[in-house]
Amino acid sequence: MKAATPGQTVGPFFHTALPYSGDCQLVPPGRGDAVRLHGRVLDGDGIPVPDALVEVWQADELGVVPRSGGSIRRDGHTFTGFGRASTDREGRYTFTTVVPGSVGGGLPFFALTVFARGLLHRLFTRAYLPPGDGGTDALLASVEPDRRHTLVCTPDGRGFVFDIRLMGEDETVFLAFPEH
Amino acid sequence: MQRLTAHAEPADQAEISSEIEAMSGEYDARGVPETQPRLDYPPYRSSLLRHPTKAPHQVDPEGVELQAPVFGQRDVDPLEADLTIQRSAEPIGERITVTGRVVDGEGRPVRHQLVEIWQANAGGRYIHQRDQHPAPLDPNFVGMGRCLTDDDGGYHFTTIKPGPYPWRNHHNAWRPAHIHFSVFGTEFTQRLVTQMYFPGDPLFALDPIYQSILDPAARERLVSTYDHALTSPEWSTGYRWDIVLTGGSRTPVAEQGA
Numbered sequence: 001m002k003a004a005t006p007g008q009t010v011g012p013f014f015h016t017a018l019p020y021s022g023d024c025q026l027v028p029p030g031r032g033d034a035v036r037l038h039g040r041v042l043d044g045d046g047i048p049v050p051d052a053l054v055e056v057w058q059a060d061e062l063g064v065v066p067r068s069g070g071s072i073r074r075d076g077h078t079f080t081g082f083g084r085a086s087t088d089r090e091g092r093y094t095f096t097t098v099v100p101g102s103v104g105g106g107l108p109f110f111a112l113t114v115f116a117r118g119l120l121h122r123l124f125t126r127a128y129l130p131p132g133d134g135g136t137d138a139l140l141a142s143v144e145p146d147r148r149h150t151l152v153c154t155p156d157g158r159g160f161v162f163d164i165r166l167m168g169e170d171e172t173v174f175l176a177f178p179e180h
Numbered sequence: 181m182q183r184l185t186a187h188a189e190p191a192d193q194a195e196i197s198s199e200i201e202a203m204s205g206e207y208d209a210r211g212v213p214e215t216q217p218r219l220d221y222p223p224y225r226s227s228l229l230r231h232p233t234k235a236p237h238q239v240d241p242e243g244v245e246l247q248a249p250v251f252g253q254r255d256v257d258p259l260e261a262d263l264t265i266q267r268s269a270e271p272i273g274e275r276i277t278v279t280g281r282v283v284d285g286e287g288r289p290v291r292h293q294l295v296e297i298w299q300a301n302a303g304g305r306y307i308h309q310r311d312q313h314p315a316p317l318d319p320n321f322v323g324m325g326r327c328l329t330d331d332d333g334g335y336h337f338t339t340i341k342p343g344p345y346p347w348r349n350h351h352n353a354w355r356p357a358h359i360h361f362s363v364f365g366t367e368f369t370q371r372l373v374t375q376m377y378f379p380g381d382p383l384f385a386l387d388p389i390y391q392s393i394l395d396p397a398a399r400e401r402l403v404s405t406y407d408h409a410l411t412s413p414e415w416s417t418g419y420r421w422d423i424v425l426t427g428g429s430r431t432p433v434a435e436q437g438a
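Chains as they are written, first to last, in the numbering used here: chain A, 1 to 180; chain B, 181 to 438.
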């Protein structure tokens, strides 16, 4: 195995490069089945983080993992599954997207990556759709019961709310993958 | 306690350097390799309230995590790899070529994947409203670029060598000159944002962001190499920097077209 290149913080100045027009709109907001995935990024004191970047990567409604380019220059029709949202001054991020379907039978989730000034390396997490009656997931089952809710979206009128707490009380469960 | 630290009078470089040295000493004594930055690294003051305190949950990647977003020719104009031609005239500074390969842990090229960069200008100033450093903005330099890797995982940028710049972590704090890189792999789990540095920078030892990678060999992997073979006569100097993503090969997943 070759030794991996370490990460570094995204820093305070990523806004000149990483955001782009339409970055957080995986589908046009007017589309009939569009939903909103939104929430706040909060620090260890519960203070909103205004200089974070959240990326989403997800399957489409049928559980198909998109293999199409076009996330940077969107054509308004192709679902690419990738989006990027910078937090605003209240620490809020918002994606306009579709409800992901199950890939291979598991409980559907949005895969999220979090970057921020002050955060030295990216964090991975999953925002699961609320499990229905009897719905289970191996990962959720393996997390301590009192922390499980940090991985699950809360439905609201137009979609889902998912807050990301970087630290402290109710800290979001972040993920580490083998060999990564 | 941490709140107090965060709001105390800014430390000076001697205090930061002694904190860096203490953490390095503890690391050496402990003898457990850490090749990624320590998230809880108090000399970088902005990390005090922005690091998880609980160990990450170990999990095998599933579903979308086994693949990465695809970027194509439509997403990236080849001209976006040249940061010196984005405005009407040439930017000020040392013109450089920065090139290298993106590979996975087994050395396999990451092909046709997105690489994004951003950086300060030659005077150490970013085009960003939060950058109040009283160095000149260069009207001919935006400081952001993109490219797709080629068949061999290669990337190539033409840009200007960035200057070091002051920041407010502590009194008289200066960042070593660097270029920010954002890279995707073939799996979601390989996503990387990092910084490339230049060889021999005198600010390395003083910089808590660079020093947050406690393993010396690991942090040196962020330092590019001057390569005279990349230098073009009477045009630009060349730096080479390869990026190794985490993880090895997985049998490529078949296209999941509907």
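Ideal Cβ placement from N, Cα and C applies to all residues, glycine included. Bear in mind that the values here come from a model prediction, so they are computed numbers and not experimental data.
Proximity test, Cβ basis, 8 Å: residue i and chain A
i                      : result
residue 402 of chain B : yes
residue 263 of chain B : no
residue 438 of chain B : With a pLDDT of 32 at residue 438 of chain B, under the threshold of 50, the modelled position of that residue is not reliable, and the figure given next carries that caveat. It does: the Cβ of residue 438 of chain B has a partner Cβ on chain A nearer than 8 Å.
residue 234 of chain B : yes
residue 219 of chain B : yes
residue 318 of chain B : no
residue 179 of chain B : Residue 179 of chain B falls outside the range modelled here, since chain B spans only 181 to 438, and no answer is possible.
residue 276 of chain B : no
residue 425 of chain B : yes
residue 371 of chain B : yes
residue 285 of chain B : yes
residue 324 of chain B : yes
residue 196 of chain B : no
Within-8 Å CB hit, residue i to chain B
i                      : result
residue 14 of chain A  : yes
residue 86 of chain A  : no
residue 40 of chain A  : no
residue 67 of chain A  : yes
residue 158 of chain A : no
residue 31 of chain A  : no
residue 117 of chain A : yes
residue 146 of chain A : no
As assigned by DSSP and simplified to three states, the class of residue i
i                      : result
residue 73 of chain A  : coil
residue 152 of chain A : strand
residue 237 of chain B : strand
residue 101 of chain A : coil
residue 310 of chain B : coil
residue 440 of chain B : The shown model of chain B, from 181 to 438, leaves out residue 440 of chain B, and the question about it has no answer.
residue 16 of chain A  : helix
residue 95 of chain A  : strand
residue 142 of chain A : helix
residue 244 of chain B : helix
Residue i - partner residues in DSSP beta bridges
i                      : result
residue 57 of chain A  : A:82, A:111
residue 353 of chain B : B:347
residue 299 of chain B : B:359
residue 289 of chain B : B:283
residue 340 of chain B : B:275
residue 390 of chain B : In DSSP, residue 390 of chain B forms no bridge with anything.
residue 124 of chain A : A:113, A:175
residue 228 of chain A : The first residue shown for chain A is 1 and the last is 180, placing residue 228 of chain A beyond what the model contains.
residue 42 of chain A  : A:48, A:165
residue 89 of chain A  : Note: residue 89 of chain A sits in no beta bridge, so no partner.
residue 376 of chain B : B:359
residue 418 of chain B : B:277
residue 326 of chain B : B:296
Burial state of residue i, where buried means 16 or more other Cβ atoms lie within 10 Å
i                      : result
residue 136 of chain A : exposed
residue 212 of chain B : exposed
residue 234 of chain B : exposed
residue 324 of chain B : buried
residue 260 of chain B : buried
residue 352 of chain B : exposed
residue 4 of chain A   : buried
residue 181 of chain A : Any question about residue 181 of chain A goes unanswered here, given that chain A covers just 1 to 180.
residue 132 of chain A : exposed
residue 255 of chain B : buried
residue 208 of chain B : exposed
residue 391 of chain B : buried
residue 154 of chain A : exposed
residue 58 of chain A  : buried
residue 405 of chain B : exposed
Residue i and residue j closer than 8 Å at C-beta
i                      : j                      : result
residue 290 of chain B : residue 334 of chain B : no
residue 87 of chain A  : residue 52 of chain A  : yes
residue 311 of chain B : residue 365 of chain B : no
residue 425 of chain B : residue 6 of chain A   : no
residue 362 of chain B : residue 277 of chain B : no
residue 298 of chain B : residue 115 of chain A : no
residue 243 of chain B : residue 103 of chain A : yes
residue 93 of chain A  : residue 109 of chain A : no
residue 349 of chain B : residue 221 of chain B : no
residue 359 of chain B : residue 376 of chain B : yes
For the region 234-256 of chain B, list every residue whose C-beta sits within 9 Å of some C-beta in chain C, in sequence order. Protein chains in the displayed structure are A and B, and chain C is not among them.
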